[in-house]
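Peer 1: Please read through the structure below; I'll follow up with questions.
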Amino acid sequence: MDILQLLLYGVVLGSIVALGAVGVTLTFGILGFANFAHGDLMAFGAYVALVAYTWLALPLWLALPAAVAATVALALLVDALVFRRFRTRRPIVLLISSFGVALILRSLIQIGFGPGTVLYSTRIQIAERFWGLRVKPDQIVIVALTLVLVVLLHLFLSRTRTGKAMRAMADNPTLARLSGIDTENVIRWTWAIGGALAAVAGVCLGLNSRLSPEMGWFLLLAVFAAAILGGIGRPYGAILGGYVVGICVEMSNLVLPAEYSPVVPFALLVVMLIVRPTGLFAGRSG
Amino acid sequence: MEDVHGGYGEADVLHGVSMRVEAHEVVAIVGSNGAGKSTAMKAVFGLARVSRGRILLDGADIANRQPDRIVREGVCFVPQTENVFPTLSVDENLDIGGFTLKEGVRERKDGVYALFPDLVAKRRQAAGQLSGGQRQMVAMGRALMLRPRLLLLDEPTAGLSPLYMDQIFKIVRDVNATGVAVLMVEQNARQALAIADRGYVLATGRNRHEGTGAELIADPAVAESFLGG
C-alpha cells in the first residue's frame, strides 16, 4: 500500500516537474541554451499568485491566470532586455546570462517577501480516501491541470501553424529560416509557452508544499534531469521525463532517508548521461 | 553567373566561375573534390560570399542577397545533408515548405505526392525514419512547395544506393518536366551528365569544360580526369 501511496505522490510531483521541463526543453530546442532562470520563473509565478490570492483576495482559480499573464510578460521582457542581445553569441554566453537573470529574480522575490517560507493557505486540507490512498483535493487539481495543459500543448504543437514552425525550428533552424519562418516570432511564442507553464508549475509547487524564494531553484535540477531524460529539445519526452523523475524521487523514500531525496534527480541524471546521453527517446540530433 | 569569385570567410574558393541556366533546363556541375562545385551553388543562394562578379536572375543581380529573399524570387535550395525536419512527419515537412503560402497548400501537397507516389503511404511517418532516397524526395518536395523557377540540388544522390540514384535522377527529369529549371551539383558525374541538358566541369574554382551532357561524356579529356576513365 505504501508503494501505491508513494506512486501517487510521485505522479503529483512528476506533474509539476513535467510542466517545468517542457519550458526548459522548448527553450533549449529553439534557442539552443539551458535556461537556468527557468526555476526562478516558476517561483515568480508562484509569488504573483500569492499576491493575487492573499493581498487582492482573488480566488485561486483567478490568481492562476494572473500569475500566468505576469510570468509570460516577464519572460518576454527578459528576452527583450537580455537574451535577445546575445542571440548570435555562443550558447555559453546565454547560459551564463541566464544565471544572472536567475539571481536577479530570486533576489527580487527575497526583497519583496523575505527569505522565509509562506503558505497559500493555512486552512488544513482533509485528505480524501480512495481505495485506501490519501489524496488531497489540491493534488487532484495539480494532476488534472497538468493533463489539460499537456493536451493543449499537444494540439498547439501538432495542429497550429506556429506550433509546427516551432518544432521545425527545433529540428533544423537553418532549414526553417530558408523556408521563410519568422524565427523571432517563434522565439516569442517559445517564451510565452515556457513562461505560462512555469507559472502553473510554480503555483502547483506552492500548493503541494510551500513557497520560498529558492523553491524554483531547488526544483531546477529535477526539471533539467527530466528534460535530459526525455531527450533534450523534445517536449513529449520532457513530460514523460518529469513523471519518471517525480516517481523516482518519491519512491526513493522506500529505501533512502527523506533528506536524501534531492539527490535522486542528480543520480538519475548521472546514470542517464553515462548510459544513454541522448535521452530515453534519442535526443535532438535524431 | 558571370566571372564569380568568392567563398567563405576570408579565403576565396571560386576564382572566376561563369555559368548559365536557361528556363526548363537541367544543368549539372561536376568536378573533383574541392573544385568549388557546392560553393558555386551556395553563392547563387546567398550561402557563400561573392566578392567579385555578378549573379543574375532574369537580369537582376542577386549576388550576396539573403537566402530568404532569394526564396521569394523563386529559387529553392536542397542542401546535401540535414535537408529535412527529422521529427516532423512527411506531411508536416511539406507544410513547412509551403509556410509562406497564404492558401493552396493542400493542392500543392497533392502535386508533390503525385510526383513522389512513394511518399503517400509515409505521409504520417517522421521524415528522420525514412530511407535516404525517400528523405531526398521529402527534401525536394519541401522545396517544390513554393513552385520555384529554379531548383538547386546539392549532391542529391550522395550516399544513395544505385537503385535510388537512378530513381532520383528520373525524378529530377520529372520535376524539370513540370517547368522547373534545375541546377545540380553531382559526384556521380557520368549519370548526372547523362540526364542533364548541359554541364559544367569545374576545377580549382574555375571553369574547365562545358557543353551538353552528351558532349562532355564523349570528351576524352573530361572522361579521363573526371569520369574515372
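Sequence lines, in order, name chains H and D.
Residues in the first sequence are numbered from 20 upward in steps of one, following this note's numbering.
Residues in the second sequence are numbered from 1116 upward in steps of one, following this note's numbering.
Just so you know, even glycine gets a beta-carbon here, dropped at the ideal spot from N, CA and C.
At what residue ranges does the region 1242-1314 of chain D contain a whole run of the alpha helix (DSSP H), taking only runs of 4 or more?
Peer 2: As far as the region 1242-1314 of chain D is concerned, its whole alpha helix (DSSP H) runs of at least 4 residues are 1247-1259, 1277-1292 and 1304-1310.
Peer 1: Which word fits D/VAL1235, buried or exposed, when buried means at least 16 other C-beta atoms lie within 10 angstroms of its C-beta?
Peer 2: For the purposes of this step, residue 1235 of chain D is taken as the residue at position 120 of the second sequence. Exposed is the call here.
Peer 1: Check the C-beta distance from H/THR44 over to H/GLY249 and give it rounded, since I have them as a contact under 8 angstroms.
Peer 2: Reading the first sequence from its first residue, position 25 is the one you call residue 44 of chain H. Reading the first sequence from its first residue, position 230 is the one you call residue 249 of chain H. Going by Cβ atoms, the distance from H/THR44 to H/GLY249 rounds to 7 angstroms, so yes, they are a contact pair.
Peer 1: Could you list which residues in chain H have their beta carbon closer than 8 angstroms to that of D/ASP1183, in chain order?
Peer 2: Residue 1183 of chain D sits at position 68 when you count from the first residue of the second sequence. In chain order: ARG196, LEU197 and GLY199.
Peer 1: Which of the three DSSP states is assigned to H/ALA139 in this structure?
Peer 2: Locating residue 139 of chain H in the first sequence gives position 120, counting from the first residue. Ala is not the amino acid found at residue 139 of chain H; the sequence shown has Tyr there. Note: H/TYR139 maps to coil in three-state DSSP.
Peer 1: To the nearest angstrom, how far is it from the Cα of D/ASP1127 to the Cα of D/ASP1269?
Peer 2: For this step, residue 1127 of chain D is matched to residue 12 along the second sequence. For this step, residue 1269 of chain D is matched to residue 154 along the second sequence. D/ASP1127 and D/ASP1269: Cα-Cα distance of roughly 20 angstroms.
Peer 1: Using a C-beta cutoff of 7 angstroms, does D/THR1196 count as contacting chain H?
Peer 2: One-based indexing of the second sequence puts residue 1196 of chain D at position 81. So no, D/THR1196 is outside the interface.
Peer 1: Give me the subset of the region 1320-1340 of chain D whose CB atoms are less than 7 angstroms from a CB atom of chain H, sorted by chain position.
Peer 2: Answer set for the region 1320-1340 of chain D: empty.
Peer 1: Given this structure, state the Cα-to-Cα distance separating D/ALA1092 from D/ALA1158, to the nearest angstrom.
Peer 2: Chain D is shown only over 1116 to 1344; residue 1092 of chain D falls outside these bounds and no answer can be derived.
Peer 1: What distance in whole Å lies between the Cβ atoms of H/ALA56 and H/LEU117, which are believed to be in contact at a cut-off of 8 angstroms?
Peer 2: Taking the first sequence and counting its residues from 1, one reaches residue 117 of chain H at position 98. Taking the first sequence and counting its residues from 1, one reaches residue 56 of chain H at position 37. Sequence check: residue 117 of chain H is Ser here, not Leu. H/SER117 to H/ALA56, Cβ: 5 angstroms. Contact.
Peer 1: Could you name the residues of the region 171-191 of chain H whose beta carbon sits closer than 7 angstroms to any beta carbon of chain D, in the order they occur along the chain?
Peer 2: The residues in question are LYS183, ALA184, ARG186, ALA187, ASP190 and ASN191.
Peer 1: What residue range is occupied by the uninterrupted alpha helix (DSSP H) comprising H/GLU269?
Peer 2: On the first sequence, residue 269 of chain H is found 250 positions in, with the first residue counted as 1. Unbroken alpha helix (DSSP H) run through H/GLU269: 254-270.
Peer 1: For D/PRO1176, does the three-state DSSP call read helix, strand or coil?
Peer 2: Along the second sequence, one-based indexing puts residue 1176 of chain D at 61. Sequence inspection shows Asp at residue 1176 of chain D; the Pro mentioned does not correspond to that position. In the structure shown, D/ASP1176 sits in a strand (DSSP, three-state: E or B).
Peer 1: Given this structure, state the Cα-to-Cα distance separating H/TYR66 from H/ALA37, to the nearest angstrom.
Peer 2: By one-based count along the first sequence, residue 66 of chain H stands at place 47. By one-based count along the first sequence, residue 37 of chain H stands at place 18. C-alpha separation (whole angstroms): 20 angstroms.
Peer 1: Could you give the first and the last residue of the continuous beta strand (DSSP E) run that contains D/THR1327?
Peer 2: If you number the second sequence from 1, residue 1327 of chain D lands on position 212. First-last of the beta strand (DSSP E) with D/THR1327: 1321-1327.
Peer 1: Closer than 8 angstroms, Cβ to Cβ, to anything on chain H: give me those residues from the region 1269-1285 of chain D, in chain order.
Peer 2: Correct list: empty, as no residue qualifies.
Peer 1: Is it true that the region 26-40 of chain H meets the region 258-277 of chain H, where meeting means three or more beta-carbon pairs spaced less than 8 angstroms apart?
Peer 2: With the cut-off at 8 angstroms, the region 26-40 of chain H and the region 258-277 of chain H touch.
Peer 1: What's the C-alpha gap between D/ASN1179 and D/ARG1187?
Peer 2: Translated into positions along the second sequence, residue 1179 of chain D becomes position 64. Translated into positions along the second sequence, residue 1187 of chain D becomes position 72. The alpha-carbon atoms of D/ASN1179 and D/ARG1187 are separated by roughly 15 angstroms.
Peer 1: What residues are listed by DSSP as bridge partners for D/CYS1191?
Peer 2: Position 76 of the second sequence, counting from 1, holds the residue named residue 1191 of chain D. DSSP, once it has assigned bridges, lists D/LEU1266 as partnering D/CYS1191.
Peer 1: In this structure, how does DSSP classify D/SER1166 when only helix, strand and coil are distinguished?
Peer 2: For the purposes of this step, residue 1166 of chain D is taken as residue 51 along the second sequence, with counting starting at 1. Correct three-state label for D/SER1166: strand.
Peer 1: Buried or exposed for H/PHE285, going by 16 or more other Cβ atoms inside 10 Å?
Peer 2: By one-based count along the first sequence, residue 285 of chain H stands at place 266. With fewer than 16 other Cβ atoms within 10 Å, it is exposed.
Peer 1: In the region 201-262 of chain H, which residue ranges form an unbroken alpha helix (DSSP H) of at least 4 residues, counting only runs that do not cross its ends?
Peer 2: The region 201-262 of chain H contains these whole alpha helix (DSSP H) runs: 202-227 and 234-248.
Peer 1: Considering only the beta carbon of each residue, do H/VAL97 and H/VAL120 sit closer than 7 angstroms?
Peer 2: Numbered from its first residue, the first sequence carries residue 97 of chain H at position 78. Numbered from its first residue, the first sequence carries residue 120 of chain H at position 101. Cβ distance < 7 angstroms, so H/VAL97 and H/VAL120 count as in contact.
Peer 1: Closer than 7 angstroms between beta carbons: that is the criterion. Which residues of the region 1202-1219 of chain D meet it against chain H?
Peer 2: Cβ contacts with chain H: THR1202, LEU1203, GLU1207, ASP1210, ILE1211, GLY1212, PHE1214 and THR1215.
Peer 1: Just how far apart, CA to CA, sit D/LEU1209 and D/LYS1217?
Peer 2: Along the second sequence, read from residue 1 onward, the residue named residue 1209 of chain D stands at position 94. Along the second sequence, read from residue 1 onward, the residue named residue 1217 of chain D stands at position 102. In a straight line, the C-alpha of D/LEU1209 is about 14 angstroms away from that of D/LYS1217.
Peer 1: What does the Cβ neighbour count give for D/LYS1152, buried or exposed, with the cut at 16 atoms within 10 Å?
Peer 2: One-based indexing of the second sequence puts residue 1152 of chain D at position 37. Classification for D/LYS1152: buried.
Peer 1: For D/GLY1146 and D/PRO1335, what's the separation of their Cα atoms in angstroms?
Peer 2: On the second sequence, position 31 is the one that residue 1146 of chain D refers to. On the second sequence, position 220 is the one that residue 1335 of chain D refers to. Each residue's Cα considered, the two are about 15 angstroms apart.
Peer 1: Is D/VAL1186 close to chain A, meaning its C-beta is less than 7 angstroms from at least one C-beta of that chain?
Peer 2: No chain A is part of this structure, whose protein chains are labelled H and D.
Peer 1: How would you list, in chain order, the residues of chain H whose beta-carbon sits under 8 angstroms from the beta-carbon of D/PHE1200?
Peer 2: Looking up residue 1200 of chain D in the second sequence gives position 85. Under the 8 angstroms cutoff, chain H gives ARG186, ALA187, ASP190, ASN191, LEU194 and ALA195.
Peer 1: CB-CB under 7 angstroms to D/VAL1205, same chain, minus the five flanking residues each way: which ones, in chain order?
Peer 2: Within the second sequence, the letter at position 90 stands for residue 1205 of chain D. So the list reads LEU1234, LYS1237, ARG1238, GLN1240, ALA1242 and VAL1253, once near-sequence residues are dropped.
Peer 1: Residues of chain H with CB closer than 9 angstroms to the CB of D/PHE1192, please, in chain order.
Peer 2: In the second sequence, the residue the question calls residue 1192 of chain D occupies position 77. Neighbours of D/PHE1192 on chain H, chain order: LEU197.
Peer 1: Going along the chain, which residues of its own chain have a beta-carbon closer than 8 angstroms to the beta-carbon of H/LEU176, five neighbours each way excluded?
Peer 2: Position 157 of the first sequence, counted from the first residue, corresponds to residue 176 of chain H. Cβ neighbours of H/LEU176 beyond the five flanking positions: GLY182, LYS183, MET185, ARG186 and PRO254.
Peer 1: Exposed or buried, which one is H/LEU138 when buried takes at least 16 other CB atoms within 10 Å?
Peer 2: Translated into the one-based positions of the first sequence, residue 138 of chain H becomes position 119. Exposed, by the Cβ-count rule.
Peer 1: Could you check where the alpha helix (DSSP H) with D/PHE1341 kicks off and where it finishes?
Peer 2: Residue numbering aside, residue 1341 of chain D sits at position 226 when the second sequence is read from its first letter. Start and end: 1335-1341.
Peer 1: Could you tell me the distance, in whole angstroms, from the CA atom of H/GLY213 to the CA atom of H/TRP80?
Peer 2: If you number the first sequence from 1, residue 213 of chain H lands on position 194. If you number the first sequence from 1, residue 80 of chain H lands on position 61. Approximately 20 angstroms between the Cα atoms of the pair.
Peer 1: Does the region 229-238 of chain H touch the region 83-98 of chain H, meaning 3 or more C-beta pairs lie closer than 8 angstroms?
Peer 2: At 8 angstroms Cβ cutoff, the stretches do not touch.
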